[in-house]
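Q: Below is the structure I would like to discuss, written out as structure tokens.
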Amino acid sequence: MTQTHATPPPLPTVRTCPFDPPEELTALGGTRPVTRLRYADGSVGWLVTGHPEAQAVLSDPRFSARKELQRLPVQWLGHMERVPAGPGEFIFMDPPEHTRFRKLLAGQFTMRRMRQLMPRIEEIAEEHLDAMQRQGPPVDMMRAYAYPIPSLAICELVGMPYAEAGALHDKVTMMFRFESTPDEVRRAGAGIHRTLHDLLRRKRAAPAEDLMSDLATAGELSVEEILRVVSLLLIGGFDNTANMIGLGVYALLSHPEQLARLRARPELVESAVEELMRYVPSLHIGPIRAALADVEVGGELVRAGEVVTLSLAAVNRDPRRFDEPEHLDVTRPASRHLAFGYGVHQCIGQQLARIEMRVAYTALLRRFPTLRLAVPAEEVPMRENIVPYGPRCLPIAWGAES
0 MTQTHATPPP LPTVRTCPFD PPEELTALGG TRPVTRLRYA DGSVGWLVTG HPEAQAVLSD
60 PRFSARKELQ RLPVQWLGHM ERVPAGPGEF IFMDPPEHTR FRKLLAGQFT MRRMRQLMPR
120 IEEIAEEHLD AMQRQGPPVD MMRAYAYPIP SLAICELVGM PYAEAGALHD KVTMMFRFES
180 TPDEVRRAGA GIHRTLHDLL RRKRAAPAED LMSDLATAGE LSVEEILRVV SLLLIGGFDN
240 TANMIGLGVY ALLSHPEQLA RLRARPELVE SAVEELMRYV PSLHIGPIRA ALADVEVGGE
300 LVRAGEVVTL SLAAVNRDPR RFDEPEHLDV TRPASRHLAF GYGVHQCIGQ QLARIEMRVA
360 YTALLRRFPT LRLAVPAEEV PMRENIVPYG PRCLPIAWGA ES
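So for the sequence shown, numbering that gives the first Met the number 0 puts the first residue at 0; every next one is plus one.
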């Protein structure tokens, strides 16, 4: 067990390749899986880049997800206050409070329920591919395809009319930009709250077969809890999967040999989805946990009260866990990546996200056999100042090159 006293560095965030972690994180690899980290407020905590060490942190109840205990490893103007989780913000709660919400939501995200949604997701994908084909290339795939598929799917699951989702998505984006001011974040949050409160009122008056109606009629949650729960689900559904769809297509188009393998064997789509999430996860900062007691992790003593940040991009490239982790390989067997987290806080919507990605990749590659980037790969702009990570836009084309 070691303790270091030199002033530690801040979290590296600059990528030389859009698919790879920052070089400083890659250099740590499996050799220094737990290192000191300087947080944005000047405090000192820990950075975890090793796979078994990350699993240990995420599965150990001595590490807390509570919001008021966390510190941020990057400057995030609108989220610097250390305040407790609001009613229903279950992702920032520990058991047993967290468990209560997970149990209420588990029935909405079973594999059976997700399979029931699959025909509708396929229909959504085909409708947007039709529109892209009518428009003709080039097309920004993020706006035309990657965002609509998960947004429409989560709206249907929750019971929100899709016509109302666009304005809500703009507010979500404002909340998660690193440079958004506290006032902008508060106004965006208030706007989301108003929209969902009006939707809840309508669901109570006329319940339907959707998640918000179920929560409204069950009587187990307060109004504020319902609004926060639904807000978290919509935020995850709007952005996380959309950026993973975009990252996956960008990575495949940048690795033509892997794209050719997937085209030749469409049945590889399930392993391709898992490999793409391992290779370039959309959550590029965090998860973050706080130690409730002294805990040894990876040979280092994490003291009670210290904050630990995981780098999933580095964790999923740990050479102790993955053979040739720097290589994208759509034939790689199921690899137990941590892109969806681990332990009690593992993403509740992960099966929906998987189905959306499988449908999106399969339908896109089938429709456009000559799909390609419409700009040089290095010119694709990335969302480096916002959570989650992904392309700001992804210009694509198909057919004969002009």
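Glycine included, every Cβ here is placed at the ideal spot set by N, Cα and C.
(1) DSSP puts Trp397 in a beta bridge; with which residues?
(2) Please look up how many angstroms separate the CB atoms of Val112 and Ile347, rounded, as I've assumed it's under 8 Å.
(3) Where does Phe62 fall in DSSP's three states?
(4) By how many angstroms is the C-alpha of Val279 removed from the C-alpha of Asp19?
(5) What does the alpha-carbon distance come out to for the pair Arg61 and Pro17?
(6) So, with DSSP's three-state summary, where would you put Ala5?
(7) Check each candidate in Gly389, Ala124, Leu351 and Glu224 and name the one with the smallest Cα separation from Met110.
(8) Only counting runs of 4 or more residues, tell me where the alpha helix (DSSP H) segments fall wholly within the segment 360-390, in order along the chain.
(9) In chain order, what residues of the same chain have a beta carbon less than 7 Å from the beta carbon of Ala396, not counting five sequence neighbours either side?
(10) Which residue from Phe321, Leu311, Phe108 and Pro265 puts its Cα closest to that of Ile284?
(11) Report the rounded CA-to-CA distance for Glu155 versus Met173, giving the unit in angstroms.
(12) Based on the DSSP secondary-structure assignment, which residues constitute the bridge partners of Asp139?
(13) Considering only residues of the same chain and omitting the five flanking positions on each side of Thr6, which have a CB-CB separation below 6 Å?
(14) Does the Cβ of Arg185 have 16 or more other Cβ atoms within 10 Å, making it buried, or fewer, making it exposed?
(15) Report yes if the CB atom of Met131 is closer than 8 Å to the CB atom of Ala143, and no otherwise.
(16) Around the C-beta of Glu52, are 16 or more other C-beta atoms found within 10 angstroms, so that it is buried, or is it exposed?
(17) Helix, strand or coil: which one does DSSP assign to Arg176?
(18) Let me know if Thr1 comes out buried or exposed under the rule of 16 or more other beta-carbons within 10 Å of its beta-carbon.
(19) From the DSSP output, which residues share a beta bridge with Gly44?
(20) In the DSSP assignment, find the beta strand (DSSP E) that holds Leu309 and state where it starts and stops.
(21) Please list, in chain order, all residues of the same chain as Ala271 whose beta carbon is under 6 Å from its beta carbon, the five residues on each side excluded.
(22) Using only the alpha-carbon positions, how far apart do Thr3 and Phe237 sit?
(23) What's the gap between the Cα of Leu57 and the Cα of Pro149?
(24) Around the C-beta of Asp293, are 16 or more other C-beta atoms found within 10 angstroms, so that it is buried, or is it exposed?
(25) Using 8 Å for Cβ pairs, my map puts Ala124 next to Val358. What's the rounded Cβ distance?
(26) Kindly indicate the opening and closing residues of the beta strand (DSSP E) around Glu295.
(27) Counting C-beta neighbours from all protein chains within 10 Å, is the total for Asp317 16 or more, i.e. buried, or is it exposed?
(28) Cα separation between Gly340 and Pro394?
(29) Considering only residues of the segment 107-162, which uninterrupted alpha helix (DSSP H) runs meet the minimum length of 4 residues and lie entirely inside it, listed in chain order?
(30) Using CA atoms only, rank isn't needed, just tell me which of Leu282, Leu246 and Glu274 is closest to Met141.
(31) Put Val268 into one of helix, strand or coil per three-state DSSP.
(32) Please list, in chain order, all residues of the same chain as Glu305 whose beta carbon is under 6 Å from its beta carbon, the five residues on each side excluded.
(33) By alpha-carbon positions, which one of Arg35, Val229 and Phe177 ends up nearest to Gly85?
(34) Candidates His127, Tyr249 and Thr240: which alpha carbon is nearest Gln349's?
(35) Once you ignore the five residues that flank Phe175 on each side, which residues in its own chain have a CB closer than 6 Å to its CB?
A: In this structure, then:
(1) Residue mapping note: residue 397 aligns to position 398 of the sequence shown, counting from 1. Paired residue(s): none; Trp397 is not in a bridge.
(2) As a first step, residue 112 is located in the sequence shown; it is residue number 113 there, counting from the start. As a first step, residue 347 is located in the sequence shown; it is residue number 348 there, counting from the start. Rather than Val, the amino acid found at residue 112 in this sequence is Arg. With 8 Å as the limit, Arg112 and Ile347 do not qualify as a contact, their Cβ atoms being about 12 Å apart.
(3) Residue mapping note: residue 62 aligns to position 63 of the sequence shown, counting from 1. Strand.
(4) Residue 19 sits at position 20 when you count from the first residue of the sequence shown. Residue 279 sits at position 280 when you count from the first residue of the sequence shown. Each residue's Cα considered, the two are about 7 Å apart.
(5) Indexing the sequence shown from 1 puts residue 61 at position 62. Indexing the sequence shown from 1 puts residue 17 at position 18. If you take the alpha carbons of Arg61 and Pro17, they lie about 34 Å apart.
(6) Residue 5 sits at position 6 when you count from the first residue of the sequence shown. Note: Ala5 maps to coil in three-state DSSP.
(7) Working through the sequence shown from its first residue, we reach residue 110 at position 111. Considering only alpha carbons, the answer is Leu351.
(8) none
(9) Working through the sequence shown from its first residue, we reach residue 396 at position 397. The answer, listed in chain order, is Pro136, Pro137, Arg371 and Ala373.
(10) Position 285 of the sequence shown, counted from the first residue, corresponds to residue 284. That would be Leu311, whose Cα lies nearest to the Cα of Ile284.
(11) Locating residue 155 in the sequence shown gives position 156, counting from the first residue. Locating residue 173 in the sequence shown gives position 174, counting from the first residue. So the two alpha carbons sit approximately 23 Å from each other.
(12) Translated into positions along the sequence shown, residue 139 becomes position 140. Beta-bridge pairing links Asp139 to Pro394.
(13) Taking the first residue of the sequence shown as 1, we reach residue 6 at position 7. Nothing listed; no residue qualifies.
(14) What you label residue 185 is simply residue 186 of the sequence shown in a count that begins at 1. Label assigned to Arg185: exposed.
(15) Within the sequence shown, residue 131 is the residue found at index 132, counting from 1. Within the sequence shown, residue 143 is the residue found at index 144, counting from 1. Taking 8 Å as the Cβ cut-off, Met131 and Ala143 qualify as a contacting pair.
(16) Position 53 of the sequence shown, counted from the start, is the residue given in the question as residue 52. Burial state of Glu52 is buried, judged by a 10 Å Cβ sphere holding 16 or more other Cβ atoms.
(17) Here residue 176 refers to the residue found at position 177 when the sequence shown is read from its first residue. Here Arg176 sits in strand by DSSP.
(18) Along the sequence shown, one-based indexing puts residue 1 at 2. Low confidence applies here, because Thr1 scores a pLDDT of 49, under 50, leaving its location unreliable and the question unanswered by this model.
(19) To locate residue 44, count along the sequence shown from 1; it is residue 45. Paired residue(s): Leu36.
(20) Translated into positions along the sequence shown, residue 309 becomes position 310. It spans Val306 to Leu309 - the beta strand (DSSP E) in which Leu309 sits, taken as one unbroken run.
(21) Taking the first residue of the sequence shown as position 1, residue 271 is located at position 272. Cβ neighbours of Ala271 beyond the five flanking positions: Leu261 and Val329.
(22) Position 4 of the sequence shown, counted from the start, is the residue given in the question as residue 3. Position 238 of the sequence shown, counted from the start, is the residue given in the question as residue 237. Its pLDDT being 49, under 50, Thr3 is placed unreliably in this model, and the value from its coordinates should be taken loosely. Looking at the two C-alpha atoms, the distance is approximately 41 Å.
(23) As a first step, residue 57 must be located in the sequence shown, where it is residue number 58. As a first step, residue 149 must be located in the sequence shown, where it is residue number 150. The alpha-carbon atoms of Leu57 and Pro149 are separated by roughly 26 Å.
(24) In the sequence shown, residue 293 corresponds to position 294, counting from 1. Flag for Asp293 reads exposed.
(25) Numbered from 1 along the sequence shown, position 125 holds the residue referred to as residue 124. Numbered from 1 along the sequence shown, position 359 holds the residue referred to as residue 358. Their Cβ separation, rounded to whole angstroms, is 5 Å, which keeps Ala124 and Val358 in contact under 8 Å.
(26) Locating residue 295 in the sequence shown gives position 296, counting from the first residue. Per DSSP, Glu295 belongs to the beta strand (DSSP E) from Val294 to Val296.
(27) Position 318 of the sequence shown holds residue 317. By the neighbour-count rule (16 or more Cβ atoms within 10 Å), Asp317 is buried.
(28) By one-based count along the sequence shown, residue 340 stands at place 341. By one-based count along the sequence shown, residue 394 stands at place 395. Gly340 and Pro394: Cα-Cα distance of roughly 30 Å.
(29) 110-134 and 147-157
(30) Numbered from its first residue, the sequence shown carries residue 141 at position 142. That would be Leu246, whose Cα lies nearest to the Cα of Met141.
(31) Counting from one through the sequence shown, the residue named residue 268 turns up at place 269. Val268: helix per DSSP, three-state reduction.
(32) Along the sequence shown, read from residue 1 onward, the residue named residue 305 stands at position 306. Around Glu305: Gly44 and Ala290.
(33) Here residue 85 refers to the residue found at position 86 when the sequence shown is read from its first residue. Of the listed residues, the one whose Cα sits closest to Gly85 is Val229.
(34) Position 350 of the sequence shown holds residue 349. Closest by alpha carbon: Thr240.
(35) Counting from 1 along the sequence shown, the entry for residue 175 is found at position 176. Excluding sequence neighbours, Phe175 sits near Ile385 and Val386.
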